[in-house]
Amino acid sequence: MNMMPADLRAVYALLLREIKIYFREKERIISILVSPLLFLFVMGRGLSGHSPIAGINYQQFIFPGILCMVILFTAITYGLYIIWDKRLDFLKEVLAAPISRGTLFFGKSLGGMVGAVMESLILLVIGAIFVLPLGPAKILTAFILSVPFSFIMANIGLSIVARMNSMEGFGLVMSFLTWPMFIFGGALFDLSKAGPWLRLAAYLDPFAYCVDLMRWVMFGWGAFPLTLDLTAVVFFCLVSAAWGVFSFGSLQQTR
Amino acid sequence: MSRLLTLSAIETNGLAKQFGKIMAVDRIDLTVSKGEVFALLGPNGAGKTTFINMLCTLIKPTGGWARVAGHDIVHESLAVRKNIGIVFQEPSLDDLLTARENLCLHCMLYGVPQPETGARIERMLAIVGLDARADDLVRTYSGGMRRRLEIARGLIHTPRILFLDEPTLGLDPASRQAVWSYIQELKAAAKTTIVLTTHYMEEADRLSDRVAIIANGRIKEIGTCEELKNKVGGDMVILKGRIEPEAFAGLDFVKETLREQSGLRLTVREAPRHLKTILDRCPQVEEVRVRRVTLDDVFLKFTGSPMPGENSG
Ligand SMILES: Nc1ncnc2c1ncn2[C@@H]1O[C@H](COP(=O)(O)OP(=O)(O)OP(=O)(O)O)[C@@H](O)[C@H]1O
Ligand SMILES: [Mg+2]
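Keeping their order, the protein sequence lines are chains A and B.
Going by the working numbering, the first residue of the first sequence is number 50, and it counts up by one from there.
Going by the working numbering, the first residue of the second sequence is number 28, and it counts up by one from there.
What follows is the structure, given as structure tokens:
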């Protein structure tokens with residue numbers, strides 16, 4: 050246990066790197082927000098879909114889901130960026146460092162959270178101004194929730210990428226994991242009225258609980274029971290972290 | 028436990044790595060003592076980098092075992108990593124950070140005490156001559172500048188065992204000199220064990236206590252530079268002109284004759300003493316040069332290729 054401070058310092062170092070890089074790449078900060086904003090303003094207004102909650106229109110109804118979408122896409126894309134590290138440069142340096150793979154994983158995971166939390170904060174402010182008026186308490190709660198949500202998604206991205214060696218895998222993960230997670234998560238529709246198969250898929254989807262919990266915060270309404278959402282989020286935090294530590298354990302230098 | 032048994036910094040036994048059909052490292056047994064500077068020489072694809080990567084715990088061996096600083100590279104990889112520093116052959120800098128940030132991050136990862144970090148960074152930047160560009164992003168650096176930063180980074184945490192994979196590749200002569208003298212200083216003052224690979228024989232000759240010549244994943248020859256040179260012979264006598272090797276038949280001090288474009292190259296024991304005899308045998312000679320055997324000659328002899336070329340499997 051006398052190693053603890055060194056490990057914490059290493060995690061802090063990795064985190065610091067991500068923060069520095071994040072604020073240096075301003076174009077990325079903006080570009081990541083483009084598709085969620087299109088969803089929110091074009092589909093939200095244009096589709097005039099159905100909202101199950103009285104007094105809440107469709108655009109407002111999908112806002113919590115879009116907020117979670119930003120987290121999902123930012124955090125998973127971030128995880129996938131490690132392939133770049135792997136192929137080009139920096140991962141080698143970190144792999145040779147005297148830190149355990151678990152420490153490396155948490156450093157990277159926290160790093161991924163920073164980006165996702167920042168992006169969701171920007172969208173939260175935009176949404177609170179233009180879409181759904183929210184009080185300070187709700188904004189704060191939503192912001193706090195974005196932390197564990199980002200953690201889960203970053204862990205998933207990192208765990209998958211630890212086994213991949215090429216950038217081709219990037220597209221596969223996006224089409225077979227990220228988009229299905231988003232679609233089945235019920236960000237754009239009411240899961241409580243969905244068919245049994247759709248509901249089953251949603252039960253397996255960590256993203257669905259994030260969206261639902263966010264709806265509980267903003268509307269006091271959810272498709273799942275509140276306790277189920279909370280339990281599921283805690284569960285997925287733990288499982289995804291364990292998965293990540295495990296996958297990073299066998300991480301090797303590749304070309 | 029194992030540290031009591033061994034005084035050596037590195038010990039490998041039948042260490043092997045196979046990539047598919049290619050035997051990149053083929054059962055290498057090697058012991059490097061503490062404080063020794065050891066050079067690995069060999070043609071491209073000989074397996075030098077693979078060997079080093081295994082010792083640094085970056086890839087797992089497919090056979091044999093190795094201890095670095097007394098720790099097993101597979102089962103105690105973290106303990107191994109706590110004792111080593113490495114300069115990679117291939118770039119491994121963080122392009123998106125500045126030189127100073129790269130060094131700072133490295134110090135944090137390697138547990139350099141916080142109060143010392145600043146001073147060490149300044150010192151290393153000065154040694155590799157990057158102080159003026161320290162706050163520019165690495166992606167704006169030239170190839171040689173990156174190389175210098177990589178070296179600074181590998182050395183900054185004063186590891187007990189240092190791996191340098193072609194450290195001075197692409198450096199200008201002045202930077203190379205600076206790096207060499209710093210390595211010599213490390214050896215003298217800090218008793219650092221250093222394993223380096225290089226294609227510059229002069230570098231190996233100057234820095235290392237012992238060298239090993241590797242080809243096709245196996246050690247062909249190992250010893251001090253002097254020992255290896257003596258194995259090749261004493262001196263080189265280079266003769267220009269139309270001379271046939273048969274002219275020197277029966278001379279026991281002529282160990283080898285080799286035809287070259289414009290003449291003949293002899294490997295001769297104690298050349299100065301026998302020079303007259305040699306010249307008597309070839310009156311038609313146009314030009315004569317005598318020089319000591321260099322490590323280049325050793326390399327050529329034991330790798331059997333005049334030009335380090337592709338050599339796989
Ligand atoms: N990741 C890998 N996958 C497959 N083959 C590999 C891999 N890494 C190395 N090899 C093969 O192993 C052999 C040894 O390569 P290595 O990089 O160790 O050579 P080297 O001695 O460092 O050469 P150089 O002087 O060019 O740096 C080569 O034949 C190479 O093709
Ligand atoms: Mg190499």
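The beta-carbon is built from N, C-alpha and C at its ideal position, and this holds for glycine as well.
As the structure is a computational prediction, the values presented were derived from the model and not from experiment.
query	result
Answer yes or no: does any C-beta atom of chain A fall closer than 8 Å to that of B/C252?	no
Provide the residue(s) that pair with A/R58 in DSSP beta bridges, ordered along the chain.	A/R58 is not bridged to any residue.
Looking at the C-beta of B/D121, does it have a partner C-beta in chain A at a distance below 8 Å?	yes
Of all Cβ atoms in chain B, is any one closer than 8 Å to the Cβ of A/M50?	Interpretation of A/M50 is limited by its pLDDT of 38, a score under 50 that renders its predicted location unreliable; the figure taken from the coordinates is listed afterwards. By this cut-off, A/M50 is not an interface position.
Is any beta-carbon of chain A found at less than 8 Å from that of B/R108?	yes
Give a yes or no on whether the minimum CB-CB distance between B/L191 and chain A is below 8 Å.	no
For B/M28, count the other beta carbons within 10 Å of its own beta carbon; 16 or more makes it buried, fewer makes it exposed. Which is it?	Summary for B/M28: the model assigns pLDDT 45, below 50, so the residue's position carries little reliability; its value from the coordinates is reported in the next sentence. It is exposed - the Cβ of B/M28 has fewer than 16 other Cβ atoms within 10 Å.
Confirm, please, whether the CB-CB distance from A/A236 to A/I81 is below 8 Å.	no
Between the C-alpha atoms of A/I120 and A/S195, what's the straight-line distance to the nearest angstrom?	7 Å
Excluding the 5 residues flanking A/M167 on each side, which residues of the same chain have their C-beta closer than 8 Å to its C-beta?	Y71, I78
For B/K256, count the other beta carbons within 10 Å of its own beta carbon; 16 or more makes it buried, fewer makes it exposed. Which is it?	buried
Is any heavy atom of ligand 1 found at a distance shorter than 7 Å from the C-beta of A/N204?	no
Run through chain B and tell me which residues come within less than 9 Å of A/R66, C-beta to C-beta.	D121, L123, L124, E128, L132
Is B/R175 near B/L196, with beta carbons less than 8 Å apart?	no
Whose C-alpha, out of B/L191, B/E117, B/L198, B/L189, is nearest the C-alpha of B/A155?	Sequence inspection shows Val at residue 155 of chain B; the Ala mentioned does not correspond to that position. Out of B/L191, B/E117, B/L198, B/L189, B/L198 has the C-alpha closest to the C-alpha of B/V155.
So, A/G293 versus A/S208, is the Cβ gap smaller than 8 Å?	yes
Tell me, please, which residues DSSP counts as bridged to B/F65.	B/V222, B/R237
Taking the C-alpha atoms as reference points, what is the distance between B/I188 and A/S289?	36 Å
For B/G91, name the three-state secondary structure that DSSP assigns.	strand
When the Cα atoms are used, what is the spatial distance from B/A179 to B/R127?	11 Å
Excluding the five sequence neighbours on either side, which residues of its own chain have a C-beta within less than 7 Å of the C-beta of A/I148, listed in chain order?	D56, A59
Taking the C-alpha atoms as reference points, what is the distance between B/A298 and B/V165?	52 Å
Hey, is B/T76 close to ligand 2, as in C-beta under 7 Å from one of its heavy atoms?	yes
When we look at the beta-carbon of B/K218 and count the other beta-carbons within 10 Å, is it buried (16 or more) or exposed?	exposed
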